[in-house]
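Visitor: Taken in order, the sequence shown gives residues 1 to 1196; the numbers are from the UniProt record's numbering. Please see the structure below; I have some questions.
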Amino acid sequence: MPIITATVAVATQSDIGKAIKDRIDQFSEGMPVLMNALDELKAVHPFIGVVVLAFKTVYTLEQKRRDNDKKIISLYVGMKDMMGALLLLKDVENDNVIAPDGSKIEDRLKSLVERTADDIKTCSNVCDAYVKKRLLAKVLLSPLWDMKLLDFVEIFATRRREFEFELTMHTSKGVDKANVKLEAIRKDLKEQMNVMKAVFEQLVSPEQKLLSDLVNAKGGVNVIRNNDKVLLDLEKTASKASSSPSVEGHRMHQANPGDADLEVGILREDILEDPNVAAEKNWVVFSRKFEAQKNQIIDELTLVVQRESDRVVQELKGKAHERLRDRSIHELWVEMGWRGNVKARHFVLALRDHYLEKLASDTEIVLGVDTSVIGSPTNPDAWAIKYIDVMWVPPILEAFDDDASGFITVTEVNRFTSSRPADWSLLCWLAFWAVGFKWSIIDYARKIEDLFAKMEGVRSVVLPPNREAVDRYLAYVWNTVHTLTAAVLSQPSSQSSGLDDHKRFKSYLEAEEARLGNNLRAVDYVIDGVDTLLLIAGAGRIEKTVFPLLYLLMKRHYEIMRIMRTKIPSMHELLEGVDGILFIRDAITYRVEDLTHNFSQQRLDPDKQFESFAFGIFKYCHNRSALWTADYILSLDPQITPYNDDNEDQNVQPGDVLNHGYKDDLSLDYSMYDGHSTDYIPNCGDVNPSMKDILGNWNGYFYDHDGGPSRVDSMLTFVLVPGEGKHDFKADIWSIKGRQTIAGSWSKGEDNVMQIKFKYKTVFSSTLWTPMFFDGRFDPERNALTGIWGFSTELESSGMAEFRRIQPRYLTVYPSIKELRDNKPRALWKFAISAVRGDIRREHWSWLYFSLRRDDRMAVVSLSVRYRWFGPPLSVEEIETRVAILWRLIPDDACFYDSKVDHIRAFTCVHEQLCDSCNGRIGGPRLFCLDCAIKSTEIYDNVDLCCTPQCVGARVTREDLEGVHEPSHKLVKVRTAVLSRNHGRAHTAACDAFARVEETCRKIAEFNSHPDEGTGPDKQKTSRFGTTSTKMPTKSEPDNDPSLPTCGKCKGRLSFPFWYCIFCQDDLYICDGCDAEGVPDLMRSSGKHTEEHHLIRCLAPEKMDDKDKAVLTERRLTSMESRLEGRLDGMQTQLDDLTGRMEDLTGRMGHLTGHTGDLTGRMGDLTGHIGDLNARIGNIEQLLHRLLGATEGRAA
């Protein structure tokens, strides 16, 4: 029974919801039979092929979704019922049968079939856009989405009746029934739609009901639209309640993480996005996906692979073994007497024995203890038998057992054998999963890490406006992908096959890579959900294809980065790539959750199982904290490959790679100052006279619901020109949101009043602004366009809008709708005075006029940068100041200032980190702490600060910190993005630098502490944290001790705090004042100092106030007294011992005195003997002289 008919039958009963639920739950039942019947009909009536193929395509795409929304399934039930009406064609033998009215069946149905195929595709696109929405968006805009979805319920019900009517008329059966009055049909359909509306209210998930109750408790949708805090709180609640992540939550281009104001804007864009706009935006991506799935279905129908070992399966309802396709496994299954399933380990071991016996009987071989084949001249697959071994049982088991249940079924066996290459034997296929798969993922993991090294190399040479996109890509993608590659590359690879065996697997790996590449190209490399991932990767375990898929995606992303060296693509190019990889992560998360559940059901320890399952690639996905520890992050020192264009493909063109176009440069937008924008009246030629009244230049505002100033935009200027259709128009429009386009239409309403409708949306912008809709009329008496605006076509909760042909400089002081309503005369007098005063100041070049323009420009640019991109979040007062300035800007200035804001963002390093003090996104210099330790149970995340004095001097507490971050901690300043991949290198270099500079800091502190240096109290003002943190940067003093270092830029004396470069080998010091001016352009002996060089903050050695000193002195005295008492006791003991020794020594000295007297007597005797000896010697000398004289006389 069709769903509508069944519903009407029980509409008066209380169990309507149950009846619908039963039909939804049974949706898949009977689908194979219906599909086969439609295929048979298509063979007889080829003209219905277009609608059958469309139905098959959207049904296959829907089956790929992990979470199926019951509202969506109810649409597919209606679609199924509609397609069932085509089965009446079975009574028509062929297309040439002529009906009584002379027509052929193809003539009657061809146009209807083609329209129905378009309806099916359109419906599937809307469903695709709906399921991608956040849970909060589905709740807040549920009336609009329900209306959009119910339209298709009505369309399919109408199409079904049209099919039945035409077929009944053609077959001449039940002509009386065919001649039903149209009014009766419409009445019946209206009743059915009322029932379906009631049913839709029951098809709400528990999470949606809970969130809807919270929305009502907060005051309803209208209140939430204008309350950012409530909106954020609800989104956090919805994220926790949602069972699966939304696509919008993944879209990196939708938000800059950490900027609270921008996050609210993105949330508002998503939840307030009109369903028609959402479907329109989704159409391009969905169409790619639809065509890719359709082509795969066509290929499956035309390509039938018949493998040599396959057997003909004739009996689908017979015994289990009769459904097996492979002959070898069929023989084994019958021989072992297995039924519907078998324990996985028993199956693999039996399969191994089966092949060993078969090979031994076919050829002369010699088996060693390792079962390796020594020789096999007749069997070319003999090399593979050595891998069907106990050692390789686990990977072979996993290849069969997709769900890791521990049992292998006939279906799993058929799936495994059917997936092998057509020219491969089953033995080779088993060998691949034993060893070839592991070899392939190790090879891909290395290639992926090499790509990261090359990406970091090209990152340094991309144009400045592209750096943020590259940094964000690497920040998100490396963390996700390295969780996989680290698990693979940490595994032992000793149990790998030889090089020759690896070559045997190469053909399959190349074919698989080509298949994935073709599927990626079919969707332009855009993965917008897990269902798209399954479309690309195919059926089966995600671990089979995750590594080649990541490699192919990252290769394309690398080519985008290469283009970024010379062009400026949209940020969405790389950020869509991030989305795709995050969806791969989601698929892995789902797989890990399923495996964890299965392991637990088998009473196995998941932690131990993931160590080896699929060669351990999921072990860190299961337990991320085991990898992302502080020790691991700080130990990383990855390779960076310098970019060399000569080594790259020279034939890559931007148009072949990019999906969103590009710019050649990013310059400030001066176009609105061309002198023609404000007063331009287009020459439109021959157009409808009524339309001429609205063509040309208009200026105005979007007001709030009460007619007062709103926060959504500044004054707008647009120039209307005719569009393509007779009642269509288009226009360029510019404001603080930049230069954009609008498209709209006009019509004549009641009393011949011209009605105007248009949509205002962004085209190419770094910021995605929420599309806005205007619905109003032309007032010829006031020469104005007046009406209402909103974020959806329904305009339920809207503000007022009015556009005039008044000059912008006058409109800035023109009263708002509310002011005119409250007191029109007073408001107009105020306007006249302000307008005249403004003209006088402008014409006389008043200083007040120019200073106000200057102040407004500086304020709105600064506040807009913080509002949209980076910096401390705006306070309530600052938000109001920005709105007030925007309200008095003319559109020309506002548009130029917007380009200035984008220019600042493009040439500023915008980090992924949030300031842990002000919670703003960090732009420009970033500080991170070396001293703060992360708890061992937490994932490593260092303390980050922006460079505002308040944040630098702040104490920070976080739950994951071991202690409190203090302003005296060691800080590192970086002006370029330091990714997690390189954080360890920077951290180590900074710690080494602090060690080098410690002695220098002590000497500078001693020199600066001398009272005769002549420095005032402000220069020497210190606290226990060194120099006061909130002090503005100051230049160095010119005088200095020659032995101490000076500022490398101004050459002045250093005072705390100052900075030290951790990379310049010749010790570069920079004073705080010079550092505040930016990176000094210095050529050093060790090379040029650049923004890539990180700095450490040097503080004075710790000083304490009197209270701290007293406490510390008391502690030191107590400790000293304790130590002194112990030492005194020891000294007394030593003194007593020394006294005893002295007394003993005195006695010995007495004996020594007696011995001295005896010695004196002996010395006297010795003196006498010496005198006698001297006399004798004198006599001998005289005798010698005489003897010498006598001898000389004789000689003469």
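Beta carbons are placed, not taken as given, at the ideal position from N, Cα and C, and that holds for glycine.
Quick check on this structure: which residue in Leu550, Tyr643 and Asp607 has the alpha carbon closest to the alpha carbon of Ile563?
Guide: Mapped onto the sequence shown, residue 563 falls at position 563. The shortest C-alpha separation from Ile563 is found at Tyr643.
Visitor: With respect to the beta strand (DSSP E) encompassing Met554, which residues constitute its N-terminal and C-terminal limits?
Guide: Translated into the one-based positions of the sequence shown, residue 554 becomes position 554. Run containing Met554: none in the beta strand (DSSP E); it sits in the alpha helix (DSSP H), Val546 to Ile563.
Visitor: Excluding the 5 residues flanking Ile155 on each side, which residues of the same chain have their C-beta closer than 6 Å to its C-beta?
Guide: Within the sequence shown, numbered from 1, the residue matching residue 155 stands at position 155. Counting only Cβ-Cβ distances below 6 Å, and skipping sequence neighbours, we find Asp119.
Visitor: May I have the straight-line CA-CA distance separating Arg467 from Arg565, to the nearest angstrom?
Guide: Translated into positions along the sequence shown, residue 467 becomes position 467. Translated into positions along the sequence shown, residue 565 becomes position 565. Taking the straight line from one Cα to the other gives about 10 Å.
Visitor: Out of curiosity, what's the CA-to-CA distance linking residue 1207 and His557?
Guide: Here the chain covers residues 1 to 1196 and nothing more, so residue 1207 does not appear.
Visitor: Entirely within the region 609-680 and at least 3 residues each: give me those beta strand (DSSP E) ranges in chain order.
Guide: Correct list: empty.
Visitor: Which runs of the alpha helix (DSSP H) fall wholly inside the region 877-951 and span at least 4 residues, in chain order?
Guide: Fully enclosed alpha helix (DSSP H) runs of 4 or longer: 891-906.
Visitor: Ignoring anything shorter than 3 residues or poking outside the region 1040-1093, list the beta strand (DSSP E) runs there in chain order.
Guide: Taking only runs of at least 3 residues, the beta strand (DSSP E) segments lying wholly in the region 1040-1093 are 1058-1061, 1069-1071, 1082-1084 and 1087-1089.
Visitor: Quick check: Asp381 and Cys428, are their CB atoms within less than 8 Å of each other?
Guide: Sequence index remark: in the sequence shown, residue 381 carries index 381 (1-based). Sequence index remark: in the sequence shown, residue 428 carries index 428 (1-based). Yes, these two residues count as a Cβ contact at 8 Å.
Visitor: Could you have a look at Gly258 and say whether DSSP puts it in helix, strand or coil?
Guide: In the sequence shown, the residue the question calls residue 258 occupies position 258. Confidence in Gly258 is poor, its pLDDT being 37 and thus under 50, which makes the residue's placement unreliable; the coordinate value appears in the next sentence. If DSSP states are grouped into helix, strand and coil, Gly258 belongs with coil.
Visitor: Quick one, which of Lys555, Arg603 and Asn598 has its alpha-carbon nearest Asp649's?
Guide: Counting from 1 along the sequence shown, the entry for residue 649 is found at position 649. The candidate whose alpha carbon is nearest that of Asp649 is Lys555.
Visitor: According to the Cβ coordinates, are Pro1057 and Thr948 closer than 8 Å?
Guide: Position 1057 of the sequence shown, counting from 1, holds the residue named residue 1057. Position 948 of the sequence shown, counting from 1, holds the residue named residue 948. It is not a contact, given that the beta carbons lie outside the stated cut-off.
Visitor: Let me know if Tyr701 comes out buried or exposed under the rule of 16 or more other beta-carbons within 10 Å of its beta-carbon.
Guide: For the purposes of this step, residue 701 is taken as the residue at position 701 of the sequence shown. Buried: at least 16 other Cβ atoms inside 10 Å.
Visitor: Which residues mark the beginning and the end of the alpha helix (DSSP H) in which Ser690 is found?
Guide: Walking along the sequence shown from the start, residue 690 turns up at place 690. Residues Pro689 to Lys692.
Visitor: Does the distance from the C-beta atom of Ile756 to that of Phe778 stay below 8 Å?
Guide: Here the question's residue 756 lines up with position 756 in the sequence shown. Here the question's residue 778 lines up with position 778 in the sequence shown. Cβ atoms of Ile756 and Phe778: closer than 8 Å.
Visitor: Does the separation of the CB atoms of Thr409 and Asp326 fall below 8 Å?
Guide: On the sequence shown, position 409 is the one that residue 409 refers to. On the sequence shown, position 326 is the one that residue 326 refers to. No, they are not a contact pair.
Visitor: So Ala743 is in the beta strand (DSSP E); what residue range does that whole segment cover?
Guide: Counting from one through the sequence shown, the residue named residue 743 turns up at place 743. Unbroken beta strand (DSSP E) run through Ala743: Gly738 to Lys748.
Visitor: Evaluate contact between the region 203-219 and the region 104-112, counting only Cβ atoms and requiring at least three cross-stretch pairs below 8 Å.
Guide: The region 203-219, when compared against the region 104-112, does not touch it at the 8 Å Cβ threshold.
Visitor: Round the Cβ separation of Tyr525 and Leu489 to the nearest angstrom and send it over; I've been treating them as touching at under 8 Å.
Guide: The sequence position of residue 525 within the sequence shown is 525, counting from 1. The sequence position of residue 489 within the sequence shown is 489, counting from 1. Rounded, the Cβ-Cβ distance is 26 Å, inconsistent with contact.
Visitor: Going by DSSP, name the residue or residues bridged to Ala801.
Guide: Residue 801 sits at position 801 when you count from the first residue of the sequence shown. Ala801 is bridged to Phe702 and Gly787.
Visitor: Measure from the alpha carbon of Met82 to the alpha carbon of each residue in Trp887, Gly696, Glu162 and Arg804, then state which is nearest.
Guide: Within the sequence shown, residue 82 is the residue found at index 82, counting from 1. Met82 has its Cα closest to that of Glu162, out of Trp887, Gly696, Glu162 and Arg804.
Visitor: Go ahead and label Asn688 buried or exposed: buried means 16 or more other beta carbons lie within 10 angstroms of its beta carbon, across all protein chains shown.
Guide: Within the sequence shown, numbered from 1, the residue matching residue 688 stands at position 688. So Asn688 ends up on the exposed side.
Visitor: Looking at the structure shown, is Asp146 part of a helix, part of a strand, or coil, going by DSSP?
Guide: On the sequence shown, residue 146 is found 146 positions in, with the first residue counted as 1. Looking at Asp146 - three-state DSSP - the assignment turns out to be helix.
Visitor: For Leu961, which option in Val230, Glu938 and Val901 has the closest C-alpha, if you only look at C-alpha atoms?
Guide: As a position in the sequence shown, residue 961 is number 961, starting the count at 1. The option with the nearest alpha carbon to Leu961 is Glu938.
Visitor: Verify whether the separation of the beta carbon atoms of Cys1074 and Leu1068 is less than 8 Å.
Guide: Sequence index remark: in the sequence shown, residue 1074 carries index 1074 (1-based). Sequence index remark: in the sequence shown, residue 1068 carries index 1068 (1-based). Contact flag unset, no.
Visitor: By the DSSP assignment, the alpha helix (DSSP H) with Ser74 in it spans what residues?
Guide: In the sequence shown, counting from the first residue as 1, residue 74 sits at position 74. Run containing Ser74: Lys70 to Gly84, per the alpha helix (DSSP H) assignment.
Visitor: Relative to the alpha-carbon of Val602, which residue among Lys343, Glu512 and Pro722 has its alpha-carbon at the smallest distance?
Guide: Translated into positions along the sequence shown, residue 602 becomes position 602. One detail in the question is off: residue 602 reads as Gln in this sequence, not Val. When only C-alpha atoms are compared, the closest one is Lys343.
Visitor: Distance check for Ala279 and Leu356, CA to CA, integer angstroms please.
Guide: Along the sequence shown, one-based indexing puts residue 356 at 356. Along the sequence shown, one-based indexing puts residue 279 at 279. Approximately 59 Å between the Cα atoms of the pair.
Visitor: Locate the beta strand (DSSP E) running through Leu716, then write down its first and last residues.
Guide: The count along the sequence shown starts at 1 and reaches residue 716 at position 716. Looking at the DSSP string, the run of the beta strand (DSSP E) that includes Leu716 is Leu716 to Pro722.
Visitor: Pull the bridge partners of Thr409 from the DSSP assignment, please.
Guide: Mapped onto the sequence shown, residue 409 falls at position 409. Thr409 is bridged to Asn341.
Visitor: Pairs of beta-carbons, one from the region 433-448 and one from the region 941-958, closer than 8 Å: are there three or more?
Guide: No contact exists between the region 433-448 and the region 941-958.
Visitor: Would you check if the region 571-586 and the region 460-477 touch, i.e. whether three or more CB-CB distances between them fall below 8 Å?
Guide: They touch, by the three-pair rule.
Visitor: Kindly indicate the opening and closing residues of the alpha helix (DSSP H) around Ile527.
Guide: Position 527 of the sequence shown holds residue 527. Taken as a continuous stretch (DSSP letters only), Ile527 belongs to no alpha helix (DSSP H), as it is neither H nor E.
Visitor: Using alpha carbons as the reference points, say which of Phe613, Gly749, Ala486 and Glu1006 lies closest to Trp628.
Guide: Locating residue 628 in the sequence shown gives position 628, counting from the first residue. If we check each option's Cα against that of Trp628, Ala486 comes out closest.
Visitor: Would you mind stating whether Ala292 and Ala522 have Cβ atoms separated by less than 8 Å?
Guide: Numbered from its first residue, the sequence shown carries residue 292 at position 292. Numbered from its first residue, the sequence shown carries residue 522 at position 522. Contact flag set, yes.
Visitor: Buried or exposed: which applies to Glu315, given that a residue is buried once 16 or more other Cβ atoms fall within 10 Å of its Cβ?
Guide: The sequence position of residue 315 within the sequence shown is 315, counting from 1. In this prediction, Glu315 scores a pLDDT of 47, lower than 50, which makes its location untrustworthy; the coordinate-derived value is nonetheless stated afterwards. It is exposed - the Cβ of Glu315 has fewer than 16 other Cβ atoms within 10 Å.
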